[in-house]
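Trainee: This structure is in structure tokens; I'll ask about it shortly.
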Amino acid sequence: MTRLTGGLIDRGRKLHFTFDGKAFSGHPGDTLASALLANGTVLMGRSFKYHRPRGPISAGSEEPNALVELRTGARTEPNTRATVAELYDGLDARSQNRMGSLAFDLLGVNDLVSPFLTAGFYYKTFMWPRAFWEKLYEPAIRRAAGLGSLSFEPDPDAYDKGFLHCDLLVIGAGPAGLAAALTAARAGARVILADEDFRLGGRLLAESAPLEGVAAADWIAGLEAEFASLPNLRVMRRTTVWGAFDHGIYGAVERVADHLPVPGGLPRQTLWRITARRAILAAGATERPIAFADNDRPGIMLAGALRAYANRWAACPAKRVAVFTNNDDGHRTVLDLRAKGVEVAGVIDPRAGAKPLGDYRVFAGGRVTGTRGRLGLKSVEVTTDGRSEWLDCGALGVSGGWNPNLHLASHHRGRPVWNDAIQAFVPGEGGPVGLLAVGAAAGEMTTAGALEGGARAAVEALGALGIDASAPELPRGTDSFAAPEPLWHVPGKRRAWVDFQNDVTVKDIRLAHQENMRPVEHLKRWTTLGMATDQGKTANVTGLAVMAELTGRRIPETGTTIFRPPYTGVALSVLGGGDTGAHFRPRRLTPTHSWAESRGAVFTEVGPWMRAQYFPRPGETEWRQSVDREVLAVRSGVGLCDVTTLGKVDVQGADAGAFLDRLYCNAMASLKVGMVRYGLMLREDGQAWDDGTCARLAEDHYVVTTTTANAVPIFRHMEFARQCLWPELDVQLISTTDAWAQIAVAGPKARVLLERVVDGFDLSNETFPFMACASLTVAGGLRARLFRISFSGELAYEIAVPARYGAALMERLMEKGADLGVAPYGTEALGVLRIEKGHAAGNELNGQTTARMLGLGRMVSAKKDSIGAVMSRREGLAADRRVLVGLQPVDPVGPVVAGSHLFAEGAERRTETDEGWITSACYSPHVGAAIGLGFLEGGAERMGEVVIAANPLQGQATRVRVVSAHFVDPEGGRLRD
Amino acid sequence: MTDLAPLTALGAAAPRVTRLGSFTLSENADLALASLALRRGGETPAPFGLALPGPAGWTAGEGVAAFWTGPGQWMVEAPGRAAEDFAAALRAEAPGASVTEQTDGWTAVEIVSAAGEGLAERLLAKLVNLDPASLVPGRARRTGLEHMGVFVIRRAPEHFAVLGARSSAASLWHALEAAAGRIAAA
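Respectively, the protein sequence lines represent chains Y and L. Here full-length UniProt numbering is used: position 960 in the first sequence is 960, and no number is missing along the way. Here full-length UniProt numbering is used: position 32 in the second sequence is 32, and no number is missing along the way.
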């Protein structure tokens with residue numbers, strides 16, 4: 001068949017494309033399906049299970065059959081509906097789910113054994129032997145019953161996202177949506193009009209004369225011109241509103257570049273989050289088929305789709321067609337096709353008194369009882385009053401009535417209600433707040449009703465927002481409608497398809513009924529009715545109706561069907577959106593990052609931070625060599641480490657001390673100005689949470705530090721305490737984590753080095769002892785803060801300067817310390833140093849440990865109350881006898897594995913006999929062996945005892961000796977030197 | 001005067017400037033910032049003669065500006081004064097209030113559209129979930145941008161600033177540049 005006359009295609013331009021390697025051409029305005037039909041190709045795919053030849057049955061996004069692969073290489077996109085794929089020059093499309101050619105699919109053998117492949121077949125058959133499922137059955141079934149295939153290459157395109165806000169969101173640009181958008185936009189409201197199609201008009205585009213006295217295309221063109229002049233109206237073509245979410249938020253995907261060969265600089269698609277004060281659902285309706293024997297042959301399609309192809313795209317799959325309809329709408333198809341010169345074999349209308357609306361044959365009271373044609377329809381069998389005859393036709397339009405597209409109205413579990421007048425479900429109560437359904441989506445099935453209803457709904461929606469609007473002058477639409485006479489399926493022995501995409505037939509539903517899978521939820525899962533990419537848009541209601549017939553109940557009594565987002569398939573790429581790879585999530589860089597990079601540092605992720613892990617030197621071939629060297633440099637000379645990542649919170653106010661007393665389990669109000677104190681915060685349940693330091697810069701000014709990992713949670717906790725727990729306290733908080741670059745200067749030569757950069761500040765032990773702090777200047781007048789604190793157990797300081805000077809200060813310290821053997825160290829050495837010193841870190845503060853277990857029990861002050869103090873004394877927590885100990889392998893070269901559990905020697909290793917676990921482990925260059933920290937029952941009394949460190953995951957059991965957790969300088973003399 | 005050489009938040013000696021179509025993105029590295037919070041029961045000061053704005057407000061005065069960050073809390077901006085101890089200067093202007101140096105806590109990116117406010121708002125729609133109607137000139141809001149906490153200040157119809165954590169300056173710049181670049185390419 002070639003093109004018909006008319007249509008909304010640009011015949012002045014040709015677009016070349018291929019389907020399964022064969023060259024075709026179409027025109028701008030075509031979809032892949034319309035162009036193929038215009039080229040005489042109806043066969044576009046194979047069915048999911050039986051591999052039956054299939055053509056399109058629809059002309060829209062509800063399409064279950066014509067699923068194709070578009071593009072090649074990394075851009076290959078499976079399961080694209082040919083009915084909505086906008087044609088472009090150079091489009092490369094292929095059929096899918098076949099073995100061999102589309103016309104001769106080897107997997108078509110499935111159809112011959114179909115009596116065995118009924119609903120529930122897989123559940124029953126492939127259960128045994130169990131081991132075969134994963135290796136044999138599943139891959140084989142997937143190969144045969146797949147949809148398209150993936151390229152397995154990274155998606156080369158960009159996906160975008162954005163946020164829009166409006167007074168009124170109009171979903172769908174058919175007559176109801178256009179009327180609503182026009183009404184609201186003229187009233188000055190901020191309006192978004194979104195439609196999944198690339199052209200505005202909805203069903204108006206598919207009808208020959210939906211408006212009286214004006215051509216629909218002209219009316220739409222006039223509207224588009226007005227729309228373009230209204231800055232308060234945003235028209236979004238190729239945009240599917242796919243979900244209604246809380247608080248008036250709607251998800252929408254705009255296909256920005258799907259209609260282009262390659263996106264160029266554009267994102268392929270954009271995910272929009274639209275916040276709408278009110279919304280109008282004008283999504284139209286979807287025609288439903290009638291199930292009859294062999295109703296799935298290519299060429300059998302919905303009557304409304306046949307009409308749409310003829311009117312909008314000037315395409316028809318055959319020269320001679322018939323229509324099977326239980327309502328007047330099917331007759332319209334015949335009138336339009338005849339007007340375009342298509343021969344009509346007849347209309348089969350099961351209604352007893354059915355009369356033609358023109359000069360064509362009507363089989364009143366007739367039904368289609370069979371079809372012929374292997375790869376395309378050749379003829380249909382019509383049975384009237386017990387007499388049958390075969391009618392030659394290449395296409396059959398089928399209409400069983402229309403189902404409102406109420407999907408979004410049911411997204412908040414709004415339950416659709418049955419409407420006898422139109423024999424369909426319409427939106428019910430309880431849908432998304434502020435969403436009004438109008439037009440065919442609300443069951444108003446005429447153009448006149450849609451136009452009026454759209455305008456009325458806009459006036460109502462804006463009225464609720466206090467915006468005055470009035471209905472504009474609209475063209476008169478046609479208003480004839482006759483309810484369909486219920487006919488869901490034609491009984492018979494042969495298979496009659498209900499769900500085309502999942503190959504679910506009336507027989508399968510009957511089987512589900514026999515097996516007592518009668519509730520709709522069971523029916524769906526047992527038969528797969530309504531699953532996969534089309535989500536049963538053409539199948540659900542019919543499936544329900546067949547089940548109702550079998551159970552002898554009415555449809556609304558049998559059940560209903562509601563929908564979840566998305567309305568149509570949404571690519572995960574656009575949901576993921578944004579960046580991939582290095583920019584997948586934000587990274588935080590320390591002030592010395594570029595300096596560390598220039599020194600060849602190896603980086604590690606610490607939450608969002610990138611921290612230098614170690615600084616390899618030439619000749620070091622293995623990370624341990626670098627780390628051991630860095631550790632020894634700190635122990636014997638001086639090392640530098642960027643510790644900016646530790647959280648810093650500025651605490652000011654008259655009650656700052658009292659506030660911190662309540663947050664920390666130990667006292668902070670008593671801290672002297674110019675001193676620092678180690679602090680421990682407990683959770684409300686009494687477990688240890690976070691440790692850090694508290695420096696008092698003035699009577700009413702403290703700086704609190706937290707661990708890197710807890711910087712944000714602790715700040716949030718402090719704000720909660722300030723605003724909600726104790727609003728009566730005079731306290732002000734602000735994070736200063738990023739504002740100051742902080743560098744640890746650690747090692748016996750730390751003081752010597754620092755003396756070379758401070759501006760005449762006395763660093764002697766007498767004036768600036770262990771745990772002192774001060775504001776001072778460095779390097780010729782730069783404001784700085786100095787804290788004498790140590791994480792390594794050595795003489796150590798942390799010096800802070802405004803972050804922009806961090807890298808320069810690091811370089812200066814490196815330069816001034818060259819003769820002292822200064823070395824930068826990373827997080828690995830930091831970890832080794834603190835394990836050697838027995839300092840708790842994240843591994844020990846894991847949320848399951850208490851101050852007492854950490855050996856800090858006496859820090860929980862009994863003289864004051866603080867968060868978690870009371871709960872820390874409860875019986876179950878206080879009775880825990882596990883305490884922090886050091887562990888060393890008995891075999892000097894033996895390993896210590898973090899995560900191992902500790903057992904008494906000779907004890908059976910079970911949960912009941914578990915005595916603790918190893919939290920941290922490393923190789924200690926200071927000790928010259930592997931060491932570890934861990935929690936052990938009664939550990940303090942077991943020094944010298946040998947226990948078993950069991951690592952059953954890797955079959956390890958190591959003898960380790962219990963030692964002090966302080967491998968370095970247990971008396972703490974070095975810190976205070 | 002220190003002889004240490006500062007780096008901008010993007011890790012270079014000089015602030016970065018990029019032109020993408022009608023957009024100009026500039027790293028405002030010389031912007032001094034200090035937070036100002038009232039003590040309990042304290043009077044609202046008028047530092048540098050500035051009338052501190054109410055919720056979501058931003059006010060510019062002579063050489064300084066301020067935006068509201070919470071009840072009784074503001075961030076005070078001083079263009080071109082990042083090298084100074086601006087917090088000390090503010091403290092002198094607001095005796096009895098809590099002032100904290102914030103200059104290097106943030107990176108500020110100034111975004112100007114040469115094609116008017118419509119284009120600026122198109123970019124805002126790609127960046128933050130804020131209704132342009134609530135982000136008119138003179139407004140500043142705290143919000144999320146690509147998982148980063150930021151302040152967005154509408155300084156003029158065609159000019160807005162995004163302030164993000166200094167440590168994530170590179171990620172923030174990338175996000176802004178990518179979004180502006182896509183609009184410029186369209």
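The C-beta atom is built at its ideal place from N, Cα and C for all residues, glycine as well. The model shown is predicted, which means the values in this text are computed figures rather than measured ones.
Which class does Leu786/Y belong to by DSSP, given the choice of helix, strand or coil?
Mentor: strand
Trainee: Less than 8 Å between the beta carbons of Ala282/Y and Gly174/Y, yes or no?
Mentor: Yes.
Trainee: In the structure shown, what three-state DSSP assignment does Ile422/Y receive?
Mentor: Under the three-state reduction of DSSP output, Ile422/Y falls in the coil class, being neither helix nor strand.
Trainee: In chain Y, which residues lie less than 9 Å from Ser22/L when you measure between Cβ atoms?
Mentor: Close to Ser22/L, with beta-carbon spacing below 9 Å, lies no residue of chain Y; the smallest spacing is near 15 Å.
Trainee: Straight-line CA distance for Glu153/Y to Ser573/Y?
Mentor: 13 Å
Trainee: Which residue from Leu4/L, Ala12/L, Thr18/L puts its Cα closest to that of Ile111/L?
Mentor: Thr18/L
Trainee: How far does the alpha helix (DSSP H) with Ser34/Y in it reach, from first residue to last?
Mentor: 32-38
Trainee: Quick check: what's the CA-CA separation for Arg751/Y versus Arg874/Y?
Mentor: Distance between the alpha carbons of Arg751/Y and Arg874/Y: 45 Å.
Trainee: For Thr621/Y, does the count of other Cβ atoms within 10 angstroms reach 16, so buried, or fall short, so exposed?
Mentor: exposed
Trainee: Taking one C-beta from the region 292-309 of chain Y and one from the region 260-272 of chain Y each time, how about it: are there three or more such pairs within less than 8 Å?
Mentor: no
Trainee: Only counting the same chain, and skipping five residues up and downstream in sequence, which positions put a Cβ closer than 7 Å to that of Glu62/Y?
Mentor: Thr286, Asp534, Lys537, Thr538
Trainee: Are Pro53/L and Ala66/L touching if we call contact CB-CB under 8 Å?
Mentor: Going by C-beta atoms, Pro53/L is nearer than 8 Å to Ala66/L.
Trainee: Select from the region 731-748 of chain Y all residues with a C-beta closer than 9 Å to any C-beta belonging to chain L, and list them in chain order.
Mentor: Val731, Gln732, Leu733, Ile734, Ser735, Thr736, Thr737, Asp738, Ala739, Trp740, Ala741
Trainee: Could you tell me which residues DSSP pairs with Lys648/Y in its beta bridges?
Mentor: BP columns for Lys648/Y point to Thr705/Y.
Trainee: Please name the residue, chosen from Arg3/Y, Arg909/Y, Leu887/Y, Asp336/Y, that lies closest to Glu945/Y on a Cα-to-Cα basis.
Mentor: Leu887/Y
Trainee: Confirm, please, whether the CB-CB distance from Phe292/Y to Val490/Y is below 8 Å.
Mentor: yes
Trainee: Using CA coordinates, which residue listed in Gly370/Y, Ser900/Y, Asn65/Y, Val649/Y is at the minimum distance from Ala496/Y?
Mentor: Gly370/Y
Trainee: Mind checking if His247/Y is an interface residue toward chain L, Cβ cutoff 8 Å exclusive?
Mentor: no
Trainee: Please state whether DSSP places Cys166/Y in a helix, a strand or coil.
Mentor: strand
Trainee: By the three-class DSSP mapping on this structure, what secondary structure does Cys641/Y have?
Mentor: strand
Trainee: Confirm, please, whether the CB-CB distance from Arg387/Y to Lys378/Y is below 8 Å.
Mentor: No; because the gap between Cβ atoms is not below 8 Å, this pair is not in contact.
Trainee: For Tyr702/Y versus Gly679/Y, is the C-beta distance shorter than 8 Å?
Mentor: no
Trainee: When the cut-off is 8 Å and only beta carbons count, does Ala13/L lie next to chain Y?
Mentor: no
Trainee: Provide the residue span of the beta strand (DSSP E) that contains Leu193/Y, from first to last.
Mentor: That run of the beta strand (DSSP E) goes 191-194.
Trainee: DSSP state of Glu77/Y, grouped into three classes?
Mentor: strand
Trainee: Please list, in chain order, the chain L residues whose beta carbon lies closer than 9 Å to that of Thr590/Y.
Mentor: Ser167
Trainee: Excluding the 5 residues flanking Trp58/L on each side, which residues of the same chain have their C-beta closer than 8 Å to its C-beta?
Mentor: Ala65, Ala66, Phe67, Trp68, Gly138, Arg139, Ala140, Ile153, Arg154, Arg155
Trainee: Examine the Cβ distances between the region 714-731 of chain Y and the region 794-804 of chain Y and report whether three or more of them are shorter than 8 Å.
Mentor: no
Trainee: Just to confirm before moving on: does the CB-CB distance between Thr83/Y and Pro64/Y stay below 8 Å?
Mentor: no
Trainee: Report the three-state DSSP secondary structure of Trp488/Y (helix, strand or coil).
Mentor: coil
Trainee: Excluding sequence positions up to five away, which residues of its chain have a Cβ less than 6 Å from the Cβ of Asp655/Y?
Mentor: If we look at Asp655/Y and ignore the five residues flanking it on each side, its Cβ neighbours are Leu729, Asp730, Val731.
Trainee: Please go through the same chain and pick out, in chain order, the residues whose beta-carbon is closer than 7 Å to the beta-carbon of Ala421/Y, but skip the five residues on each side of it.
Mentor: Ala483
Trainee: What residue range does the alpha helix (DSSP H) around Asn311/Y cover?
Mentor: 303-313
Trainee: With a floor of 3 residues, list each beta strand (DSSP E) that falls wholly inside the region 316-364 of chain Y, ordered by position along the chain.
Mentor: 320-325, 343-349, 362-364
Trainee: Under three-state DSSP, which class holds Asn540/Y?
Mentor: helix
Trainee: Does DSSP put Cys724/Y in a helix, a strand or coil?
Mentor: helix
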